[in-house]
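In this text, residue positions in the sequence shown follow the numbering used here: the first is 36, and each later residue adds one.
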Amino acid sequence: MPDTSMTLDAAGMIRGVADGEAGALRRLYDAQASRLFGVAMAILRDRDAAADALHDAVLKIAARAAQFDPARGEAGAWLTAIVRHAALDLARARGRETPTDDPALGDAAVAPEALDRLLETQEADRLRECLNALESRNRQGILLAFVHGLSHAQIAARLDLPLGTVKAWIRRGLARLKGCLA
36 MPDTSMTLDA AGMIRGVADG EAGALRRLYD AQASRLFGVA MAILRDRDAA ADALHDAVLK
96 IAARAAQFDP ARGEAGAWLT AIVRHAALDL ARARGRETPT DDPALGDAAV APEALDRLLE
156 TQEADRLREC LNALESRNRQ GILLAFVHGL SHAQIAARLD LPLGTVKAWI RRGLARLKGC
216 LA
């Protein structure tokens, strides 16, 4: 279950940034930087590149804060999406991307230096077991989306399948994965 106090605080800080409130961006950065750096590290696997992606994302967050609508989604997910896209853009611009074996890393609050250790934990082992228990099409869709950073449309094109089919596979796979991990 998501921590609603963190979500409400992040949403309030984003609103403060949008309203031009002094110090709001700094408070938001201080509260979220570690988790967001973990997202960038999970995609880029390079500290300097992850720091660059986080910097780019913070600039985008500051510029787009007024676009955040809490009715459309959680603040943490909105911030994560911006960082994820910044990291993927940087990876593509650099011509390389080194994905992890663990799609859960991108959404977990992970200290940057703990990423390598996390791959060796029981949680990572459990995630791998649950992923391996999925049907191959569900697992493939999830890995292409969350590890390789492909959009649903890109996955559909790569697999030569209808977009709705790909979305359904991923949605069902995530539901089964959640049930397995619970």
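Cβ coordinates follow ideal geometry from the N, Cα and C atoms, glycine included.
1. Tell me where the alpha helix (DSSP H) around Ala86 begins and ends.
2. How about Asp65 and Leu125: are their beta carbons less than 8 Å apart?
3. Can you tell me the Cβ-Cβ gap for Ala100 and Val52, rounded? I've got them flagged as a contact below 8 Å.
4. Going straight from the alpha carbon of Phe72 to that of Gly176, what length do you get?
5. Just verifying my parser: in three-state terms, what is the DSSP assignment at Asp124?
6. Residue range of the alpha helix (DSSP H) that Gln175 falls in?
7. I believe Gly184 touches Ile49 by the beta-carbon criterion, under 8 Å. Please report the beta-carbon distance rounded to the nearest angstrom.
So, to answer that:
1. Its alpha helix (DSSP H) spans residues 82-99.
2. Leu125 is positioned such that its CB atom lies no closer than 8 Å to that of Asp65.
3. About 4 Å separates the two Cβ atoms, so the contact holds.
4. So the two alpha carbons sit approximately 25 Å from each other.
5. Secondary structure of Asp124 (DSSP, three-state): helix.
6. 171-181 is the extent of the alpha helix (DSSP H) around Gln175.
7. With 8 Å as the limit, Gly184 and Ile49 do not qualify as a contact, their Cβ atoms being about 24 Å apart.
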